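Going down the list, the protein sequences come from chains A and B. Okay, so the first sequence: first residue is 743 according to the numbering used here, each after it adds one. Okay, so the second sequence: first residue is 14 according to the numbering used here, each after it adds one. A virtual CB, placed ideally from N, CA and C, is assigned to each residue, including glycine. Quick caveat, the model's predicted, so the values are computed rather than measured. Before any comments, here is the structure.
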Amino acid sequence: MMRTPSGHKVYAMAAEYPSAAALYEAAKIVRDAGFKRWDVYSPFPIHGMDEAMGLGKSWLSAVVLGGGITGLFTAAVVEFGPSWIIYPLIVHGKPYDWRTVPAFFPIMFELTVLFSAFAAFFAWIIMNGLPRWNHPIFNWERFGRASNDGFFLAIEARDPRFTEMEARELLERSGGEHITIVHED
Amino acid sequence: MDSASTAPDVIEDEASSSVEQRLRRVPLILNKRNFSWLTERIAGVVEQPAPRWWWVTFFITATIAGFGLFCLGYQISTGVGTWGLNHPVGWAWDITNFVFWIGIGHAGTLISAILFLLRQKWRTSINRAAEAMTLFAVMCAAIFPGIHVGRVWMAWFLAPLPNNYGIWPNFRSPLMWDVFAVSTYFTVSVLFWYTGLVPDLATLRDRATTKVKKFLFGIFALGWRGSNRNWRHYEMAYLLLAGLSTPLVLSVHSVVSFDFATSVIPTWHTTIFPPYFVAGAIFGGFAMVLTLMLPARAIFKLHDIITPQHVDKMAKIILLTGSFVSYAYAMEFFVAWYSGNQYEKFAFYNRILGPYWWYWWVGMLFCNFLAPQLFWFKWSRRNVYVVYFVCMCVNAGMWFERFIIIVGGLHRDFLPSSWGFFTATWVDVWTFIGTFGIFTSLFLLFIRFLPMIAMSEVKIVLPEADPHYHASALDHHSVAAGGKERT
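Here's what the structure looks like:
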């Protein structure tokens, strides 16, 4: 574990950028330098940043598909179970078995949407490792502006390619300002 | 040589800038505001101490809400006979209010979901408040089906559970579909709204000045830090929630309309109802969004964020959906005549000349059809007083429309010996007024404690949010912008 002379653990080498465009260009440089454990921070999602960072598509959509299928299946069980098997309810002399399925579509649709939405909601929280109490990046006092108008890039010390010299040089070359070491604790 | 080579450039530049001045898109955020101005202005509303008008208004609306809650208590403890309901009118103000409120919610979901999928960037200035309005409107709506069952403690019969004889509810009933549709709609709207709020709660957390605020905003912000690895999943979730909400919002009012359309009552038993109800819901909802946002914009000086362009676009949507609704009104009359069915024909004759005649002439004809015609003219869409007047007409008109459909259909059906007349009691009236108190109180609390404009979303529409934006483009832009702002 890398430590500073004062004995703090090093979390990352970080820099601030003046604009979204500058951050976008810097991300491409860091990506091409072959780093894997790094991230950019911005007050809003920047269009095209996923490609600039070399990230693929988010597979959150697969979780949502699973949620939707679960919802559809749940609705089928909730509807067919009681009205076909547990207590056949004959209303207006109409069928109560599988032939009644068109009348079950609305609830099937609703539960498909409901379960998909829950899946999407919990998936984005869990896949992002949230909720969490704190994060080392918050130890950097300039970082408060990341939710206002600041654009930041941090290369983490646990990246196998990380050396203090190389990271600092790379951030300088990419136009970073206020380059600093962020402590782990 | 130099002059010869530069001269054409200058001419071309001038030509392009003059064409640009005429054709250039008006920016969605005026006066070249930057990211931090947006944060300051929007978060500032929450961070300043509550102004005096807020306390006065909140006191009034909370008092009105109190009257409403008293009426609910009185109705529950005394019985459903405190309302004017009787044979043959078994549904009146209660279900009218339910359909009215649930319809208002639809505009919020249209703005947050459908306009998102259609890449309408102007939605970012109004989506947060419109979604909040959706939640509060659905809360007000949910009161009515709950209490109109009479014995409220039996409302659990609405749930998919067997009763004490082991009989399950009928899943083929539109009333059952309605329970699932409305509860799903509310839940998904809450999830979508909260997802959008998280980055803004992080902003408030980072700006918090006291430990308590930092703790509370910190809890609800979930530790959000704006990292792109997080934004990636977040954006996918947001897109999917928008995609799920889009058919959902269309389904909710369709299912509400099934409550009527699957019955045999003349004027109810029509296939036109689902699209007719959905269009009416969006129509009435946009009027309510403007009713709330125009005063909020004036009070908090948000004119650079909610610009005349935004008001203009919303007015156009009101005109569009109002035209759908007017078409449906006309088609109902045509089909009643063309069907040759004497009960249908009589019901529509009764609608315009029967005992509730003025509800139709004022509510449907004037408020819903004639008043929005003003929005064909640009001067009216650009005049906030005219816009406000039309929105008030639509708010009232949509309530009248639901009343005409419900009571107008019930009070004179097939058998003249079973005809009747509905008169509202003071409990009917004050329960409804009370829901306005609940709605406005909740909205006032919302603008007090949460950012009413989605900061993380509205920042994306600024030109400098584009990763390919460069300072040279800024210079060019400011030259082109030197002309008169077309707003």
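Asked	Found
Below 7 Å CB to CB, which residues in the same chain sit around B:A478 once its five sequence neighbours on both sides are set aside?	K472
Could you pull out every unbroken alpha helix (DSSP H) segment of at least 4 residues lying fully inside the region 319-390 of chain B, listed in chain order?	321-352 and 355-366
What is the DSSP secondary structure of A:R900, counted as helix, strand or coil?	coil
Have a look at B:I295, B:A56, B:F157 and B:A311 and flag the residue whose alpha-carbon is nearest the alpha-carbon of B:V192.	B:F157
Is the separation between the beta-carbon of B:F271 and that of B:G335 shorter than 8 Å?	no
Mind listing, in chain order, the continuous alpha helix (DSSP H) runs of no fewer than 4 residues lying wholly within the region 180-261 of chain B?	187-220 and 224-234
Quick one: residues in its chain with C-beta nearer than 7 Å to the C-beta of B:A153, no 5 flanking neighbours on either side, listed in chain order?	A small correction: the amino acid at residue 153 of chain B is Cys; Ala does not occupy that position in the sequence shown. Same-chain partners within the cutoff: W114, T448, I451 and F452.
In chain order, which continuous runs of the beta strand (DSSP E) of length 3 or greater are located wholly inside the region 748-786 of chain A?	752-759 and 780-783
In three-state terms, what does DSSP make of B:H483?	coil
Give the DSSP-derived three-state secondary structure of B:V102 in the structure shown.	strand
Can you find the residues in the same chain that come closer than 7 Å, C-beta to C-beta, to B:F434, ignoring five residues on each side of it along the sequence?	P368 and H424
Are the CB atoms of B:A250 and A:W866 within a distance shorter than 8 Å?	yes
Compare the C-beta of A:N890 with all C-beta atoms of chain B and state if any pair is closer than 8 Å.	yes
Using a Cβ-Cβ cutoff of less than 6 Å, which residues in the same chain neighbour B:N44 once the five nearest sequence positions on both sides are dropped?	D317
What's the C-alpha gap between A:S748 and A:M755?	16 Å
Does DSSP put B:H282 in a helix, in a strand, or in coil?	coil
Going by beta carbon distance, what residues of the same chain come within less than 6 Å of B:W443, once the five residues before and after it are set aside?	F80 and C84
By Cβ distance, which residues of its chain are closer than 6 Å to B:G118, with the 5 residues on each side in sequence left out?	T147, A150 and V151
Would you say B:V268 reaches chain A, if we count a Cβ-Cβ gap shorter than 8 Å as a contact?	yes
What residues are listed by DSSP as bridge partners for A:L895?	A:A757 and A:V782
I'd like to check one pair, B:Y372 with B:I419: are the Cβ atoms closer than 8 Å?	no
Under 8 Å, CB to CB, which of the residues in the region 128-145 of chain B have a partner in chain A?	none
Quick check on A:V833: does DSSP put it in helix, strand or coil?	coil
How about B:D317: is its C-beta nearer than 8 Å to some C-beta of chain A?	no
Consider the Cβ of B:G239: report whether some Cβ of chain A lies at a distance smaller than 8 Å.	yes
List the residues of chain A whose Cβ lies closer than 8 Å to the Cβ of B:L204, in chain order.	A859, F860, A862 and F863
Could you please tell me which residues of the region 105-129 of chain B, in chain order, have their CB closer than 8 Å to any CB of chain A?	none
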